[in-house]
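So this note's numbering is basically just the index in the sequence shown, starting at one, shifted up by 262. In what follows, a structure is listed as C-alpha cells, so that the remarks can point back to it.
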Amino acid sequence: MSLYNSIWNSFKDKYELPRKVRNIVKLDFEYFKNILSEDREDDLREIIKNLYLGDFYLIKNSFKKSFLDRIKRDCYNHFENIPTSFHKMTEGTPDFHRQIDLEIGKKYSFARCSHSYYFYRWNDDPINLFKEIDTKWRLVKKLMGLKFNEYEDNTPKNGVVDRVQLVRYPSSIGYLEPHSDPYKFQKLFISGYMSKRGHDFNGLGFYLIDKDNKIVQAEDYIDVGDLGIGFATVQHGVAPVNTNIKPSWNNMEDGRWFLSMYSNQSDEVQKRHTGYSISNKINIADAENYQIKPA
Ligand SMILES: [Fe+2]
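So, in C-alpha cells, the structure goes:
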C-alpha cells in the first residue's frame, strides 16, 4: 500500500467522515508542492489528519491570475454563439455550457443557479486548460492516495471521469445550496478561485458550515489563484453576490467566477454515487443575516 493510502487508512477507523468545517488553513503552493514531491511523511500526516477533522485548506498562489483571466475570456468567447444545452456524462459527451436559471436549477441534486461550462478530456480541449490545471490537480490526486494521473485516460464507460467546470454565478441570483459532495472516488473537493471579493464582487460567495450549523465565510481569506481543498463531505455552499445588481446572462464581467475539478462517476454507471443537499436537513443559523439563497 502506498504511503498516502496507509496514512488515509490510519485515520479512517479513528475518525468519522467530517461534516463540518473546523479551521481555514493557509499554505503556500510552493510549500505544498514540496511536501508532495518529497513525500514528507510528517507533513502529509498532519495535513491528512486536519482534513479528516474538517479543516479547509487554501493553497495560496497556485494559479497565475493571467491564466485564470485567459481561460475565463476564452471560455466565454468559445461558447458565446453555441446554444445552451445539457448532456449526461455518457460515452462521447461533448463539452457544453448551460445557463442554469432558478427553475432549471431546482432539478439538480443540489439546487443552484449558474452559468456552467463543462470540459472533458476526450474532447479537444478547445481553450487549452487541462495542461495547466493538471499541474495542480495531479498533486491533489497524489495527496488523496490516487495515482497522480488517475482517471485521466478514462471515458464514461470506464466508470469514473475527470470533468472541469468553469462557473459564473450571476449577480443576485447565482447560488449553490449547501451540500455534501460525493467522496468515494475523490475524497476532497478541489476548487480554484477566479474572482476577488471587494474587487470583482461583493457579498458572501463561498462559505462552509461549522459544528454549530453556523455559516463560516471564506471569501475574506481567498485571493484569485488560490486552490481550495476540503474533505468532500464537509458542508459548503455558495451564496448570491452583488445583491443590489441586476443579473446578466450575457456579460462575462457580471458576478463571481469559479473553477471546479472533479472526478465523477459517469452516467454509464447504474445507481451512481452522488452528494446530497442539506438545506432541508438542518436549520442554518444566521442564514437570514447572510442571505444564502436569492431573495
Ligand atoms: Fe461542492
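Just so you know, even glycine gets a beta-carbon here, dropped at the ideal spot from N, CA and C.
C-alpha distance - residue i paired with residue j, whole-angstrom precision
i           : j           : result
residue 438 : residue 430 : 11 angstroms
residue 557 : residue 434 : 8 angstroms
residue 333 : residue 511 : 18 angstroms
residue 265 : residue 322 : 25 angstroms
residue 560 : residue 291 : Any answer about residue 560 is impossible in this case: the structure gives the chain only from 263 up to 557.
residue 287 : residue 491 : 10 angstroms
residue 406 : residue 269 : 10 angstroms
residue 336 : residue 342 : 10 angstroms
residue 426 : residue 277 : 30 angstroms
residue 521 : residue 263 : 32 angstroms
Helix, strand or coil at residue i [DSSP, three-state]
i           : result
residue 298 : helix
residue 343 : coil
residue 463 : strand
residue 451 : strand
residue 292 : helix
residue 518 : strand
residue 468 : strand
residue 524 : strand
residue 547 : strand
residue 329 : helix
Boundaries (first-last residue) of the beta strand (DSSP E) holding residue i
i           : result
residue 366 : Per DSSP, residue 366 belongs to no beta strand (DSSP E) and is neither H nor E.
residue 506 : No beta strand (DSSP E) contains residue 506, which DSSP labels as neither H nor E.
residue 319 : 318-322
Residue span of the alpha helix (DSSP H) that contains residue i, given as start and end
i           : result
residue 372 : It is not in any alpha helix (DSSP H) - residue 372 carries neither H nor E in the DSSP assignment.
residue 306 : 303-314
residue 269 : 265-274
For the segment 299-308 and the segment 321-335, state whether three or more C-beta atom pairs, one from each stretch, are separated by less than 8 angstroms. no
The segment 478-486 / the segment 523-537 touching (three or more Cβ pairs under 8 angstroms): no
Three or more C-beta pairs below 8 angstroms linking the segment 292-299 and the segment 449-461: no
Beta strand (DSSP E) segments (min. 3 residues) lying fully within the segment 381-457: 422-431, 437-442, 450-455
Indicate whether the contact test is met: 3 or more Cβ pairs, each with one atom in the segment 379-389 and one in the segment 357-369, closer than 8 angstroms. yes
contact_flag[the segment 342-356, the segment 407-424] where n(CB pairs < 8 angstroms) is 3 or more: yes
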